[in-house]
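Visitor: Below: one structure in structure tokens.
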Amino acid sequence: MASEPMNGAQIVIKALVDQGVDVVFGYPGGAVLPIYDALFKQNKLRHILVRQEGGAVHAAEGYARSTGKVGVVLVTSGPGATNAVTGLTDALMDSVPIVCLTGQVPTHLIGNDAFQECDTTGITRPCTKHNYLVKDANRLAQTLHEAFYVARSGRPGPVVVDIPKDIQFADCPYAGPGNVKHKTYRPQVKGDTRKIGQAVEMIAKARRPVIYGGGGIINSGPKASKLFTQFVKMTGAPTTLTLMGLGALPASDERFLGMVGMHGTYEANLAMHECDVMLCVAARFDDRVTGRLDAFAPGAKKIHIDIDPTSINKNVAVDLGIVGDVANVLEEMIGIWKAEKKTVDKKAVAAWWKKIDGWRKRDSLKFNTDKKLIKPQQAIKRLYEMTLDREIFITTEVGQHQMWAAQHFRFEKPNHWMTSGGLGTMGYGLPAAIGVQLAHPKALVVDIAGEASIMMNIQEIATAVQYRLPVKLFIINNEYMGMVRQWQELLHGGRYSESYSAALPDFVKLAESFGAVGLRATRPDELDDVIRTMIETDNMVIADIAVDPKENCFPMIPSGAAHNEILLGPEDEAEKPVSEDGMVLV
Amino acid sequence: MSDIERHTIAVLVDNEPGVLARVIGLFSGRGYNIESLTVSAVSKDEALSRITIVTTGTPMIIEQIKAQLDRLVPIHSVHDLTDEGAHIEREVALVKVVANGPERRESLRIADIFGATVADTTIESFVFSLTGKPEKLDAFIELMRALGKTEIARSGIVGIARGAKAL
Chain A
2 MASEPMNGAQ
12 IVIKALVDQG
22 VDVVFGYPGG
32 AVLPIYDALF
42 KQNKLRHILV
52 RQEGGAVHAA
62 EGYARSTGKV
72 GVVLVTSGPG
82 ATNAVTGLTD
92 ALMDSVPIVC
102 LTGQVPTHLI
112 GNDAFQECDT
122 TGITRPCTKH
132 NYLVKDANRL
142 AQTLHEAFYV
152 ARSGRPGPVV
162 VDIPKDIQFA
172 DCPYAGPGNV
182 KHKTYRPQVK
192 GDTRKIGQAV
202 EMIAKARRPV
212 IYGGGGIINS
222 GPKASKLFTQ
232 FVKMTGAPTT
242 LTLMGLGALP
252 ASDERFLGMV
262 GMHGTYEANL
272 AMHECDVMLC
282 VAARFDDRVT
292 GRLDAFAPGA
302 KKIHIDIDPT
312 SINKNVAVDL
322 GIVGDVANVL
332 EEMIGIWKAE
342 KKTVDKKAVA
352 AWWKKIDGWR
362 KRDSLKFNTD
372 KKLIKPQQAI
382 KRLYEMTLDR
392 EIFITTEVGQ
402 HQMWAAQHFR
412 FEKPNHWMTS
422 GGLGTMGYGL
432 PAAIGVQLAH
442 PKALVVDIAG
452 EASIMMNIQE
462 IATAVQYRLP
472 VKLFIINNEY
482 MGMVRQWQEL
492 LHGGRYSESY
502 SAALPDFVKL
512 AESFGAVGLR
522 ATRPDELDDV
532 IRTMIETDNM
542 VIADIAVDPK
552 ENCFPMIPSG
562 AAHNEILLGP
572 EDEAEKPVSE
582 DGMVLV
Chain B
66 MSDIERHTIA
76 VLVDNEPGVL
86 ARVIGLFSGR
96 GYNIESLTVS
106 AVSKDEALSR
116 ITIVTTGTPM
126 IIEQIKAQLD
136 RLVPIHSVHD
146 LTDEGAHIER
156 EVALVKVVAN
166 GPERRESLRI
176 ADIFGATVAD
186 TTIESFVFSL
196 TGKPEKLDAF
206 IELMRALGKT
216 EIARSGIVGI
226 ARGAKAL
């Protein structure tokens, strides 16, 4: 027990330290001044001052996803809280554990439209896993510990704790994290053994199995990725990963078919379409993955492992749903597979692989190079090839460059790929890279960006420079909101309504004006030099890569289409117009 | 969709601010139907509330609704009374009828047939109180509307399982 009485603000610091927090991303303001004062008087917690609260949440997301720890945010009331909403929604969609502390006007003013007041718990209710308004100082410590428990347990997510200013000043009792046991929230982590046995049986009997892994494998921890890889190797089953799952199986594994979904590979999507047994491991049958639902894997028996019961039978009805932590369930599956000496139908699976190898030969990620123009895929591929000997973390913004990065950057390990999947938040990559770099000071951290997305949180360059974080911005600059333009070509007769990047800054001068290093490549023969200089510079770098502005992202399953209606290039586009049903989809 | 089912779901929750908003927000945010929703504290120390929700949807949607409710942090348990066996549903209606002469006398007679009690009376009006299944209330209200000006207040449905097993 604490010997000296503490006020609420000191309790906040103490609780964070006791939760193992070392970095807080935040921005001060009137309603959190006592907490900032308490921060000033200690040296256990490091505070990173972002330039906008949205950046704080994305930075915490990058920190959390690259470490597996809870990311922590501290913002003020009103606009501080509302600016955090996009990041919170992003974290909810991608299951990132975040604790976001928001200041609030004093309890006696709540509801009076006080200065910088907003209904933070009301606003954030649908975009958090859970939230709290602390109205009783005696419950502050317990609420904070509970928030960490909720954020990291089960399917992780963001939790908001709204703390009125008078509570920050009030003397409160402190209790350590050990004393908190949640009375209602106890997610199921162990799978049903009988069902796990059934799943093993189904996979052993499969003639055309496919394993489809998602972000939940990464969230479960490195052990889950190891077990996943082990299970893939044991069964020899063709395996694909979602955007969020990249890294769960080493990309170099011969069983890896590449990413699945709208911009996934030909072989991954066709294997999903034609399989007879699908094992979905901690993915959620997102619309980017399934394409048209009534044509999704029509002949497959489907098994789904997920820690969140709401994910099972939400979009796709499955034959066998197993609720549990994927590491536990996989461990049990491997145990049963070994104990019962299971094997797959080797002849059938060999024939299945032969078919898949035929699809692989189409080389759906191939692209043409040009003498004068840098191809965006080429830029990313060269970045990948030139950093193979380094520990590298990649974040992205949202759009074509993000899909090209997912296709052409190959991940061997989990937690090295940070992208905004569910919400698709432009402006995610730079602040996320800052969070990653703080957690991994020695590693190379690159935000593969687009010139439009980067403008959404461009102010965070200052954060990186202030804390001497050598984050690299690798801007694939095509002077368009490329993905918007691509859809306008596909669906709206090529009318590029507002999708061009006018009045762009000179990114080299912009970098210099912030005290960072600016580089530019405009011709293919300049690309390698720029990449080399970028990765060798021990400072923040903005590398502006001028790429072919007309290049589009393929393969592509147009909205409303099935996996086997995938377009491999612009020549396919003309032959297969998008259906009216597909037009309304996003 | 032809396989739309009606389910009555009982939810035990922490009796704290915001819980009802979470439940209602879940239904509106995900586009589920609410036919009826009632809430009241039920434990001796008032720490627990019970929410009774009547909803409709396909079996897949009903399964989703229950799973979504169950993962809300302050929720203790979710019980699908429709699935879990025989249960009782009741609702209370307060029905004001403004009428004179034979209509007034007829309203009293019908109330007697239905077992409604008179909760308030003036020279030209009655307020009847009736408890029963929702269909019974519907029938009573329809008859009363024919007799004069009416005002209706209904509680929404509460439900509980038959037998000795308690939540």
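Chains as they are written, first to last, in the numbering used here: chain A, 2 to 587; chain B, 66 to 232. Don't be surprised by glycine CBs; every beta carbon is placed ideally from N, CA and C. All of these numbers come straight from a predicted model, not from anything done at the bench.
(1) If you draw a straight line from the alpha carbon of threonine 182(B) to that of serine 194(B), how long is it in whole angstroms?
(2) According to DSSP, is lysine 356(A) part of a helix, a strand, or is it coil?
(3) Between which two residues does the alpha helix (DSSP H) carrying lysine 227(A) extend?
(4) Using three-state DSSP, classify tryptophan 336(A) as helix, strand or coil.
(5) Have a look at alanine 3(A) and alanine 176(A) and give me their C-alpha separation to the nearest angstrom.
(6) Would you mind listing the alpha helix (DSSP H) stretches within the stretch 424-462 of chain A that are 4+ residues and don't spill past its ends, in chain order?
(7) Opposite methionine 7(A) in the DSSP bridges: which residues?
(8) Please name the residues in the stretch 317-344 of chain A whose beta-carbon is closer than 7 Å to at least one beta-carbon of chain B, in chain order.
(9) On the premise that serine 96(A) lies in contact with proline 188(A), defined as a C-beta separation below 8 Å, what is that separation, rounded to the nearest angstrom?
(10) Within the continuous alpha helix (DSSP H) that includes lysine 196(A), where are the two ends?
(11) Chain A beta carbons: is any one of them nearer than 8 Å to that of isoleucine 89(B)?
(12) Can you tell me whether lysine 42(A) is buried or exposed? The criterion is at least 16 other CB atoms within 10 Å of its CB, across all chains shown.
(13) Quick one: measure Cβ to Cβ for isoleucine 590(A) and proline 415(A), integer angstroms, because I've assumed they're closer than 8 Å.
(14) Which residue comes first and which comes last in the beta strand (DSSP E) that contains histidine 305(A)?
(15) Leaving out five residues on either side along the sequence, give the residues of the same chain with a beta carbon under 6 Å from the beta carbon of tyrosine 501(A).
(16) What's the C-alpha gap between lysine 342(A) and valine 233(A)?
(17) Pick out the complete alpha helix (DSSP H) segments inside the stretch 501-569 of chain A, 4 residues or longer, and give them in chain order.
(18) Which whole-angstrom value describes the C-beta separation of valine 161(A) and threonine 121(A), a residue pair presumed to lie in contact below a C-beta threshold of 8 Å?
(19) Serine 105(B) by DSSP, collapsed to three states: which one?
(20) For threonine 123(B), I'd like the list of residues in its chain whose CB is within less than 8 Å of its CB, leaving aside the five on either flank, ordered along the chain.
(21) Which first and last residues belong to the alpha helix (DSSP H) in which methionine 94(A) is found?
(22) Excluding sequence positions up to five away, which residues of its chain have a Cβ less than 7 Å from the Cβ of leucine 491(A)?
(23) Applying a beta-carbon distance threshold of less than 7 Å, which residues of chain B neighbour alanine 131(A)?
(24) Counting only C-beta atoms, is asparagine 84(A) closer than 8 Å to chain B at any point?
(25) Is the shortest distance between the beta-carbon of lysine 315(A) and the beta-carbons of chain B less than 8 Å?
(26) Please list the residues of the stretch 146-162 of chain A that have a C-beta atom closer than 7 Å to any C-beta atom in chain B, keeping them in chain order.
(27) Does DSSP put phenylalanine 475(A) in a helix, a strand or coil?
(28) When you compare each of Gly198(A), Gly451(A), His305(A) to phenylalanine 508(A) by their alpha carbons, which one comes out closest?
(29) Cutting at 7 Å between CB atoms, please list the residues of its own chain near valine 163(B), excluding the five before and the five after it.
(30) Going by beta-carbon coordinates alone, are glycine 88(A) and glycine 104(A) separated by less than 8 Å?
(31) Can you give the Cα-Cα distance for alanine 75(B) and threonine 121(B), rounded to whole angstroms?
(32) If you run the structure through DSSP and keep just helix, strand and coil, what is leucine 491(A)?
(33) Mind checking if arginine 285(A) is an interface residue toward chain B, Cβ cutoff 8 Å exclusive?
(34) Consider the Cβ of arginine 126(A): report whether some Cβ of chain B lies at a distance smaller than 8 Å.
Guide: Taking the structure as given:
(1) Spanning the two alpha carbons is a distance of roughly 5 Å.
(2) helix
(3) Per DSSP, lysine 227(A) is one residue of the alpha helix (DSSP H) stretching across 223-236.
(4) It should be pointed out that residue 336(A) corresponds to glycine in this sequence rather than to tryptophan. Glycine 336(A) falls in the helix class under three-state DSSP.
(5) Below a pLDDT of 50, predicted positions are generally treated as unreliable, and alanine 3(A), at 48, falls in that range; the measurement from the model is reported next regardless. Going by the C-alpha atoms only, they are around 8 Å apart.
(6) 430-440
(7) Beta-bridge pairing links methionine 7(A) to Cys173(A).
(8) Ala318
(9) Not a contact, Cβ separation roughly 12 Å.
(10) 194-206
(11) no
(12) exposed
(13) Because chain A spans 2 through 587 in this model, residue 590(A) falls outside it and cannot be assessed.
(14) Histidine 305(A): member of the beta strand (DSSP E) spanning 302-307, first to last residue.
(15) Tyr481
(16) 16 Å
(17) Segments of the alpha helix (DSSP H) lying fully in the stretch 501-569 of chain A: 508-515, 525-537.
(18) 7 Å
(19) strand
(20) Met66, Asp68, Ile69, Glu70
(21) Methionine 94(A): member of the alpha helix (DSSP H) spanning 80-94, first to last residue.
(22) Pro559, Glu574, Val579
(23) Going by the sequence as given, residue 131(A) is histidine instead of alanine. Neighbours of histidine 131(A) on chain B, chain order: Val138.
(24) Judged by the 8 Å Cβ criterion, asparagine 84(A) is not in contact with chain B.
(25) yes
(26) Val151
(27) strand
(28) Gly451(A)
(29) Glu189, Ser190, Gly213, Lys214
(30) Contact: no.
(31) 14 Å
(32) Residue state, collapsed to three classes: helix.
(33) no
(34) yes
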